[in-house]
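Colleague:
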Ligand SMILES: Nc1nc2c(ncn2[C@@H]2O[C@H](COP(=O)(O)OP(=O)(O)OP(=O)(O)O)[C@@H](O)[C@H]2O)c(=O)[nH]1
Ligand SMILES: [Mg+2]
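Residue numbers (this note's numbering): 10 to 505.
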């Protein structure tokens with residue numbers, strides 16, 4: 010689910026993030042691509058249009074374009090707007106707050122997953138809410154539909170209404186109400202019949218059932234795989250019965266995601282649950298922010314950006330940028346970069362929060378790298394004298410031995426730190442020559458990894474860590490992905 014959309018958007022944003030500065034036209038161009046990606050994912054046209062308008066309006070603002078990390082900011086705006094599109098930060102769960110028996114009516118097209126979801130909810134109500142539920146099938150169209158629910162009922166240990174052959178839906182609903190009262194059930198779940206298409210007979214039946222049972226929740230069950238058609242279905246239903254929420258089934262499948270993304274806007278009702286499999290516990294509360302994270306392929310870039318902003322002392326960043334402007338970069342500066350990485354929670358956490366985290370995490374695990382590497386590097390620099398830190402060229406064999414002993418490492422490790430520093434210094438000099446300082450300043454300021462990763466995004470971290478610190482990831486490690494760097498930096502790394 011969302012895989013294609015995710016890839017497409019990832020491509021668009023990588024380009025955006027790879028730039029130090031953004032012009033309004035860059036944002037507009039990117040938004041055109043986002044729009045195409047949304048439409049290809051089967052998002053309803055008005056929904057896509059509204060989304061793009063909202064994002065564009067916010068993203069072309071001067072605060073964003075002039076900020077140090079415009080690309081990141083645009084991504085955050087897209088993220089926040091996606092959350093909004095999916096229903097906002099807080100989505101309500103099941104509302105069982107009414108006089109029992111609280112009636113929940115399930116509606117939807119044939120095969121959308123109503124019966125399965127009814128049983129899933131019955132189980133959830135028993136286990137999570139600690140309440141007693143009764144389930145009744147009003148499906149007299151499909152042979153054995155009522156038996157299906159009875160079987161599921163025994164599986165989830167929730168009572169079902171005894172079947173009376175030949176009884177019609179409205180009468181079954183009445184009988185179910187009566188039975189629920191007699192059994193002191195807290196909740197009555199009504200599973201209704203589906204049709205291949207929305208038709209008048211179906212709507213009349215839904216209305217009549219709602220009329221006698223006055224449901225507290227009317228949940229529209231929608232198959233995520235239905236794409237654009239789901240939107241029409243949702244529109245027809247919401248015009249006829251008082252929907253209170255939507256449940257998306259088959260979120261475990263490879264749907265393009267359009268139904269999920271459009272549903273909230275089309276029905277105006279919250280998506281309450283997501284069905285994630287055929288098993289009867291495969292149901293999850295629907296969290297817009299988590300889904301947005303998933304679509305944007307971010308571990309949690311948003312909190313990473315927030316965290317970076319909170320962690321990196323503005324003053325430090327500025328001081329470093331100034332020194333770099335003069336072509337200065339000593340071991341103290343390197344150390345500051347390492348400490349920033351550590352104070353953000355270490356490498357494991359960073360990898361977990363990075364976009365494309367799957368790859369990064371795997372590389373991290375494969376390289377046996379852990380936060381000890383950072384600690385060791387810090388200890389090595391810490392064991393040097395102030396003079397040595399400022400002038401690393403002083404480090405001869407004797408001094409290296411002393412520092413290795415002092416930091417509890419070996420000369421090889423000391424060499425690695427020195428080499429890393431050398432690479433970073435060289436990279437910076439070249440950048441200075443190329444006049445690419447603005448991008449670099451941004452990278453180090455609050456930036457890194459295309460904006461969000463101080464330290465990790467620096468050119469030296471890319472060159473140094475990737476190339477020379479086997480412990481720190483190797484070529485495929487969590488060092489910066491060259492594609493996310495500003496073009497001038499990228500060229501530099503590629504030349505290497
Ligand atoms: N993978 C997956 N399969 C699901 C999910 N929800 C339902 N299914 C499957 O979809 C099929 C149809 O589900 P039902 O619950 O019978 O659908 P229905 O809406 O009651 O169908 P009718 O009563 O014929 O209208 C079953 O095989 C379910 O196991 C889900 O979230 N994920
Ligand atoms: Mg059914």
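Glycine included, each C-beta is placed from N, C-alpha and C at the ideal position. Keep in mind it's a predicted model, so treat the numbers as computed, not measured.
1) For residue 290 and residue 132, I'd like the C-alpha separation in whole angstroms.
2) With DSSP collapsed to three states, give me the class of residue 87.
3) Along the chain, where does the alpha helix (DSSP H) containing residue 409 start, and where does it finish?
4) Mapping DSSP to helix, strand and coil, what is residue 261?
5) Do you know offhand how far residue 515's Cα is from residue 253's?
6) Less than 8 Å between the beta carbons of residue 297 and residue 186, yes or no?
7) Could you check how far apart the C-beta atoms of residue 222 and residue 198 are, in whole angstroms? I think they sit under 8 Å.
8) Secondary structure at residue 22, three-state DSSP: helix, strand or coil?
9) Starting from residue 245 and walking both ways along the beta strand (DSSP E), at which residues does that stretch end?
10) Could you round the C-beta distance between residue 249 and residue 281 to whole angstroms and report it? I think they count as a contact, below 8 Å.
11) For residue 163, count neighbouring Cβ atoms within 10 angstroms of its own Cβ and tell me buried if that reaches 16, exposed if not.
12) Based on DSSP bridge pairs, tell me the residues matched to residue 146.
13) How many whole angstroms separate the CB atoms of residue 94 and residue 61, which I take to be in contact at a CB cut-off of 8 Å?
14) Grab the span of the alpha helix (DSSP H) containing residue 98 for me, first residue to last.
15) Tell me whether the beta-carbon of residue 385 lies closer than 8 Å to the beta-carbon of residue 422.
16) Could you give the first and the last residue of the continuous alpha helix (DSSP H) run that contains residue 66?
17) If contacts are defined as beta-carbon pairs under 8 Å, then residue 114 and residue 227 qualify, I think. What distance do you get, rounded to the angstrom?
18) Whole angstroms is fine: what's the gap from residue 504's alpha carbon to residue 13's?
19) Verify the CB distance criterion: does residue 195 have a CB-CB separation below 8 Å to chain D?
20) Could you check whether the segment 98-108 touches the segment 236-247, counting it as contact only if at least three pairs of C-beta atoms, one from each stretch, sit closer than 8 Å?
21) Rounding to the nearest angstrom, what Cα-Cα distance links residue 404 and residue 331 in this structure?
22) Helix, strand or coil: which one does DSSP assign to residue 284?
23) Do residue 259 and ligand 1 come close, with the Cβ less than 7 Å from some heavy atom?
24) Give the residues whose C-beta lies closer than 5 Å to at least one heavy atom of ligand 2, in chain order.
25) Do residue 235 and ligand 1 come close, with the Cβ less than 7 Å from some heavy atom?
26) Assign residue 103 to one of three DSSP states: helix, strand, or coil.
27) For residue 115, does the three-state DSSP call read helix, strand or coil?
Modeller: Quick look at the numbers:
1) So the two alpha carbons sit approximately 8 Å from each other.
2) Of the three classes helix, strand and coil, the one that applies to residue 87 here is helix, per DSSP.
3) Residues 406-416.
4) DSSP places residue 261 in coil when its eight states are reduced to three.
5) As shown, the chain starts at 10 and ends at 505. That puts residue 515 outside it, with no answer to give.
6) No. Outside cutoff.
7) Cβ atoms of residue 222 and residue 198 stay farther apart than 8 Å, at about 11 Å.
8) Correct three-state label for residue 22: helix.
9) Per DSSP, residue 245 belongs to no beta strand (DSSP E); it is in the alpha helix (DSSP H), 237-249.
10) No, residue 249 and residue 281 are not in contact; Cβ-Cβ is about 19 Å, not under 8 Å.
11) With fewer than 16 other beta carbons inside 10 angstroms of its own, residue 163 counts as exposed.
12) Per DSSP, 200.
13) Here residue 94 is actually not in contact with residue 61; their C-beta atoms are around 11 Å apart, not less than 8 Å.
14) Residue 98 -> no alpha helix (DSSP H), and no H or E assigned at all.
15) Yes, they are a contact pair.
16) Boundaries of the alpha helix (DSSP H) around residue 66: 54-68.
17) With 8 Å as the limit, residue 114 and residue 227 qualify as a contact, their Cβ atoms being about 5 Å apart.
18) With a pLDDT of only 34 at residue 504, under 50, the local geometry of the prediction cannot be trusted, and no value is derived from it.
19) In the structure shown, chain D does not exist; there is a single protein chain.
20) With fewer than three CB-CB distances shorter than 8 Å, the segment 98-108 does not count as touching the segment 236-247.
21) Cα to Cα, the separation comes out at about 25 Å.
22) Shown here, residue 284 sits in a strand according to DSSP, grouped into three states.
23) For residue 259, the Cβ falls inside the 7 Å cut-off from some heavy atom of ligand 1.
24) Any residue whose Cβ sits closer than 5 Å to a heavy atom of ligand 2 makes the list: 123, 124.
25) It does not: the Cβ of residue 235 is nowhere closer than 7 Å to a heavy atom of ligand 1.
26) Here DSSP, grouped into helix, strand and coil, assigns residue 103 to coil.
27) Reduced to three states, the DSSP call for residue 115 is strand.
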